[in-house]
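Start counting at 1 in the sequence shown, then tack on 20, and there's your number in this note's numbering.
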Amino acid sequence: MITLKSAREIEVLRRANVIVAEILEELKKKVAPGVTTLELDSLAEELTYKKKALPAFKGYQMAGRVYPGSLCVSVNDEIVHGIPGERALKDGDVVGLDFGVIYEGFYGDSAFTVGVGQVSEEAARLMRVTEQSLYRGIEQLVEGKRLGDLSSVVQKTVEEAGFSVVRAFVGHGIGKRLHEDPPVPNYGEPDRGLRIREGMVLAIEPMVNAGGWDVKMKEDGWTAVTADGSLSAHFEHSVAITKNGPYVLSKL
Ligand code: MF3
Ligand code: CO
Numbered sequence: 021m022i023t024l025k026s027a028r029e030i031e032v033l034r035r036a037n038v039i040v041a042e043i044l045e046e047l048k049k050k051v052a053p054g055v056t057t058l059e060l061d062s063l064a065e066e067l068t069y070k071k072k073a074l075p076a077f078k079g080y081q082m083a084g085r086v087y088p089g090s091l092c093v094s095v096n097d098e099i100v101h102g103i104p105g106e107r108a109l110k111d112g113d114v115v116g117l118d119f120g121v122i123y124e125g126f127y128g129d130s131a132f133t134v135g136v137g138q139v140s141e142e143a144a145r146l147m148r149v150t151e152q153s154l155y156r157g158i159e160q161l162v163e164g165k166r167l168g169d170l171s172s173v174v175q176k177t178v179e180e181a182g183f184s185v186v187r188a189f190v191g192h193g194i195g196k197r198l199h200e201d202p203p204v205p206n207y208g209e210p211d212r213g214l215r216i217r218e219g220m221v222l223a224i225e226p227m228v229n230a231g232g233w234d235v236k237m238k239e240d241g242w243t244a245v246t247a248d249g250s251l252s253a254h255f256e257h258s259v260a261i262t263k264n265g266p267y268v269l270s271k272l
């Protein structure tokens, strides 16, 4: 069931997502060779409590498993849901940071991918194209268009660059729950699917592999990696559809 949000609810969702954006901004400054993924997780948690919010992912349950971290840190061939730990970042790594909070009963959710020190030309292009596919998708979030318009624009942007879109994970509605209807795939056909309406709030999150789209699960039961070992990037924004078009709630 899709819940449409009132203007007041969208303002609370905005505040939740601004908290996420501010924390992601701080985490980005911390990313450097030698920093462990657990250090990033601890900083994210500390900043969340300072802002009177709660980490949304900690203790989150999916398919009977409980997520142990507050932050998802996905390095190189890891696509999403990398669990923070003792791993230290290295020069040339590609690191995805995905973070969410609960604030006044509403969820914020956003992610970006960044290079550690100097990255390869291919890695830089992968990140650029993934972010561009997100923004091109967001442009489609106009009343009267359909979800397939967004999905197909994301897919086209990615595939024209020679990369592939992950099928196993999708974006989602967001509000009083982290994952609401509708699912938002990053592949599809124009002019198909659900009609975009004012009051919808959607988390758009393309996951893009440099190689093939197939994924594998690590033994921890959470970390999704590329089946072929290629690099992967992930960008995410929570976006409200208003009568004036898309309102990117997680952008400062
Ligand atoms: N941004 C991710 C998502 O939308 C975060 C979920 S991680 C989890 O699916 F641990 F909370 F599941
Ligand atoms: Co999400």
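For every residue, glycine included, the Cβ atom is placed at its ideal position computed from N, Cα and C.
Any non-hydrogen atom of the ligand CO closer than 7 angstroms to residue i Cβ
i: A223; result: yes
i: H254; result: no
i: H257; result: no
i: H192; result: yes
For residue i: DSSP bridge partner residues
i: Y267; result: A260
i: N229; result: S184, S252
i: A223; result: H192, S258
i: L214; result: BP columns for L214 are empty, so no partner.
i: Q81; result: V86
i: P75; result: V121
i: V136; result: Paired residues: none, contrary to the question.
i: D129; result: G120
Other residues of its chain near residue i: CB distance less than 8 angstroms, five sequence neighbours each side excluded
i: D266; result: According to the sequence as given, residue 266 is Pro; it is not Asp. So the list reads I158, E159, L161, V162, V259, A260, once near-sequence residues are dropped.
i: E45; result: L272
i: G125; result: V32, K196
i: R145; result: A181
i: V95; result: T57, G102, R107, L109, D113, V114, V115, G116
i: Q138; result: D111, G112
i: E142; result: A230, L251
i: K48; result: L117, F132, V134
Check: residue i C-beta below 7 angstroms from any heavy atom of the ligand MF3
i: G120; result: yes
i: M227; result: no
i: F77; result: yes
i: Y87; result: yes
i: Y123; result: no
i: D129; result: yes
i: Y80; result: yes
Contact set for residue i: own chain, Cβ-Cβ below 7 angstroms, skip 5 residues either direction
i: L67; result: I43, E46
i: K110; result: P53, V136
i: A247; result: G232, D234, V235, K236
i: P104; result: T57, L58, L60, D61, G89, L91, V93
Segment limits, alpha helix (DSSP H) that includes residue i
i: G168; result: 167-180
i: A143; result: 141-159
i: S94; result: Element bounds for S94: not the alpha helix (DSSP H) but the beta strand (DSSP E), 91-95.
i: V40; result: 27-50
i: V60; result: Inspection of the sequence shows that residue 60 is occupied by Leu rather than by Val. Residues 57-70.
Close Cβ partners of residue i (< 6 angstroms) along its chain, the five nearest in sequence each way excluded
i: E151; result: F255
i: D129; result: G120, I194, A223, S258
i: V174; result: S153, G157, N206, P226
Boundaries of the beta strand (DSSP E) in which residue i is found, first to last residue
i: T246; result: 244-246
i: G119; result: The displayed chain sequence assigns Phe, not Gly, to residue 119. From DSSP, the beta strand (DSSP E) with F119 extends over 114-123.
i: V100; result: 98-100
i: P53; result: P53 -> no beta strand (DSSP E), and no H or E assigned at all.
i: M237; result: 235-237
i: V204; result: 200-204
Residue i beta carbon near the ligand ADP (any heavy atom closer than 7 angstroms)
i: K78; result: The model on display carries the ligand MF3 and the ligand CO but not the ligand ADP.
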